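Following: one structure in structure tokens, then a few remarks.
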Amino acid sequence: MQPKNRLNEDESKVNANIGRVRARGFRLRDDHVTLSHGAGGKASAALTAHVFQDAFGNPEGDAAIAEVTGTRVALSTDSYVVNPIFFPGGSIGDLAVNGTVNDLAMMGATHPSITASFILEEGLEIETLKKVVADMKAAADAAGVNIVAGDTKVVPKGSADKLYITTAGTGGTDLTLGYQEVKVGDQVICSGPIADHGMAVMMARGDLAISAPIESDTRALNGAVDKLTEAATVHFMRDATRGGVATVLNELAHGSGLGLVLDDASIPVRDMTRAACDMLGIDPLYVANEGTFLAVVDPADTEAAVTALHEAGFEGATRIGEVAEEPAGAVVLVTGFGGTRMVDMLVGDPLPRIC
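Residue numbering for the sequence shown follows full-length UniProt numbering, starting at 1 and increasing by one per position.
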């Protein structure tokens, strides 16, 4: 499948120059941790690069591959601090299960097991905790995974906000995925409508002058990934959580050294979600998702990939762009009017504590 729009020569030169500048390493400019450092944008990338990667020396990623007695396994861990803990379409409980299952699925992991650790604020109602745990159990059952171990800590009232959950997981994988596998001409597939989760959480907080019946997209992706990888040659996958689609694609462009050209008209956004984003002045490309992922596939398998996702229940799956030589290390969006604009990473996130 060919892209609907291509950049003309002048646009390519300008965007290539911009891309080379934006592809440079992120700078850590702060002396203290700020909320932006946890938002998935440039500040998060700088913190990761200059604190954690400098110390640990490991590649950045939501999950990693390790060799255990000759078997390749994917490992992942994540923490959840969403506010409020219950929101339309989900809760911190199913979010904690689905999030780690999905990080593992993005590495092609099968039959994962997960652990859960809780930090509880003194005074939390037991019935609230029971409901969260019940949501975790339901999500684990739906994903076909087991919660095999855990830990609980209680901190004095005021030292936490109700409860925080950390989950970790592991599962075997035979796939080789990553930035290094991505090639020029590969096609970018989005599994469905974007920005629902972030907007649902914002509406649930009740501190906006608008309201809309938007539900989170939180769900496990491992079943869809199984169908996709059976039908197509997949080079890269990532769920578009904090920082949204824009951040995932910028990380991909930066990590691969290649450019990404997106077709604005092909990016799926529900009308209600788009309207809410427009009213708040927020670009849906930067809003978090919890059940939507991006896959980069061999161009010959584009149609098969989209069809496989449709058959897996992801009816909104569609091709949204392609990998190109330019703008190297950056992302450009071709608009409906035929113009282009750069899609950069935000420094922070306009929607904090959404996962």
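Note that the Cβ used here is the ideal one computed from N, Cα and C, for glycine as well. Nothing here was measured: the structure is a model prediction, and the numbers come from that model.
Using DSSP bridges, identify the partner residues of residue i.
i           : result
Ile147      : Ile114
Thr152      : Phe118
Tyr164      : Ile119
Ile65       : Ala74
Leu294      : Cys190, Arg238
Glu322      : Gln187, Val261
residue 356 : Only positions 1 to 355 of the chain appear in this structure, which leaves residue 356 out of reach.
Thr170      : Leu75, Ser113
Phe86       : Ser91
Tyr179      : The partner list for Tyr179 (beta bridge, DSSP) is empty, contrary to what the question assumes.
Tyr80       : Ile165
Count the other CB atoms, across all protein chains shown, that sit within 10 Å of the CB of residue i; report buried if there are 16 or more and exposed otherwise.
i           : result
Glu35       : The question names Glu, yet the displayed sequence has Leu at residue 35. Leu35 should be labelled exposed.
Leu252      : buried
Arg341      : exposed
Lys157      : exposed
Gly339      : exposed
Leu260      : buried
residue 362 : No information on residue 362 is available, as it lies outside the stretch 1 to 355 that the chain covers here.
Val101      : buried
Pro327      : buried
Glu125      : exposed
His235      : buried
Ala116      : buried
Gly336      : exposed
Thr176      : exposed
Gly41       : buried
Ala55       : exposed
Val334      : buried
Ser250      : In the sequence as displayed, the identity of residue 250 is Asn instead of Ser. So Asn250 counts as buried.
Val68       : exposed
Thr71       : exposed
His32       : exposed
Val148      : exposed
Kindly indicate the opening and closing residues of the alpha helix (DSSP H) around residue i.
i      : result
His235 : Not the alpha helix (DSSP H): His235 falls in the beta strand (DSSP E), residues 234–239.
Ser36  : From DSSP, Ser36 is part of no alpha helix (DSSP H); its letter is neither H nor E.
Val97  : 92–105
Cys190 : Premise fails: Cys190 lies in the beta strand (DSSP E), 187–190, not in any alpha helix (DSSP H).
Cys277 : 271–280
His197 : 196–205
Asp226 : 222–231
Lys42  : 42–47
Gly243 : Per DSSP, Gly243 belongs to no alpha helix (DSSP H) and is neither H nor E.
Ala317 : No alpha helix (DSSP H) holds Ala317; DSSP gives it neither H nor E.
Once you ignore the five residues that flank residue i on each side, which residues in its own chain have a CB closer than 8 Å to its CB?
i      : result
Met1   : Reliability fails at Met1, whose pLDDT of 42 lies under 50, so the model's placement of it is uncertain and the value that follows must be treated cautiously. Here the set comprises Gln187, Pro299, Thr302, Glu303, Arg319.
Cys277 : Ala195, Met199, Val269, Asp283, Pro284, Val287
His310 : Ala317
Pick from the options: whose alpha carbon is nearest that of residue i?
i      : options                        : result
Arg270 : Glu322, Tyr164, Ala200         : Ala200
Glu230 : Leu260, Asp174, His197, Val261 : Asp174
Val81  : Glu125, His32, Val132          : Val132
Ile92  : Gly192, His111, Thr128, Glu181 : Thr128
Gly144 : His111, Ala49, Gly178          : His111
Arg219 : Lys42, Ala139, Val332          : Ala139
Gly89  : Ala224, Pro213, Lys227         : Pro213
Ala43  : Arg27, Tyr164, Asp141, Ser216  : Arg27
His254 : Glu67, Gln180, Phe86           : Gln180
Ala275 : Ile267, Ser211, Val331         : Ser211
Gly99  : Ala49, Ile165, Gly123, Leu346  : Ile165
Met107 : Gly150, Val225, His50          : Val225
Ala160 : Thr273, Gly223, Gly123         : Gly123
Met345 : Ala45, Arg29, Thr69            : Ala45
Thr207 : Pro84, Ala55, Ala246           : The question names Thr, yet the displayed sequence has Asp at residue 207. Of the candidates Pro84, Ala55, Ala246, the one whose C-alpha sits nearest the C-alpha of Asp207 is Pro84.
Lys227 : Ala308, Ala49, Val334, Ile147  : Ala308
Thr273 : Pro193, Ser256, Lys130, Ala246 : Pro193
Gly321 : Val245, Ile189, Ala312, Ala209 : Ile189
Val245 : Val306, Met279, Ser191, Val97  : Ser191
Leu280 : Ala66, Ala265, Ala330, Ala209  : Ala209
Ala330 : Thr292, Ala265, Ser256         : Ser256
Spatial neighbours of residue i within its chain, please: CB distance less than 6 Å, with the 5 preceding and 5 following residues excluded, ordered by chain position.
i      : result
Thr77  : Ala168
Lys4   : The predicted position of Lys4 is uncertain, since its pLDDT is 47 and thus under 50; no value can be drawn from it.
Thr233 : Asp298, Asp301
Gly171 : Ala74, Leu104, Ala109, Thr110, His111, Pro112
Asp135 : Ser91, Gly93, Asp94
Leu120 : Val154, Leu163
Where do the N-terminal and C-terminal ends of the beta strand (DSSP E) with residue i fall, by residue?
i      : result
Leu262 : 259–263
Gly339 : It is not in any beta strand (DSSP E) - Gly339 carries neither H nor E in the DSSP assignment.
Identify, in the order they occur along the chain, each residue of the same chain with its Cβ nearer than 7 Å to the Cβ of residue i, setting aside the five sequence neighbours on each side.
i      : result
Val184 : Leu258, Val323, Ala324, Glu325
Val248 : Arg238, Ala240, Leu294
Thr152 : Phe118, Leu120
Phe87  : Ala200, Val201, Ala204, Ser216
Met222 : Note on identity: in this sequence residue 222 is Asn, with Met being the wrong assignment. Closer than 7 Å at the Cβ level, and outside the excluded window around Asn222, lie Val101, Ala105, Ala143.
Cys355 : Tyr80, Val82, Leu95, Gly99, Thr241, Arg242, Ala288, Glu290
Ala63  : Ala74, Leu75, Ser76, Asp103, Leu104, Met106, Met107
Do we get a CB-CB distance below 8 Å when we pair residue i with the residues of chain D?
i      : result
His111 : Annotation note: the requested chain D is absent from the structure, which comprises a single protein chain.
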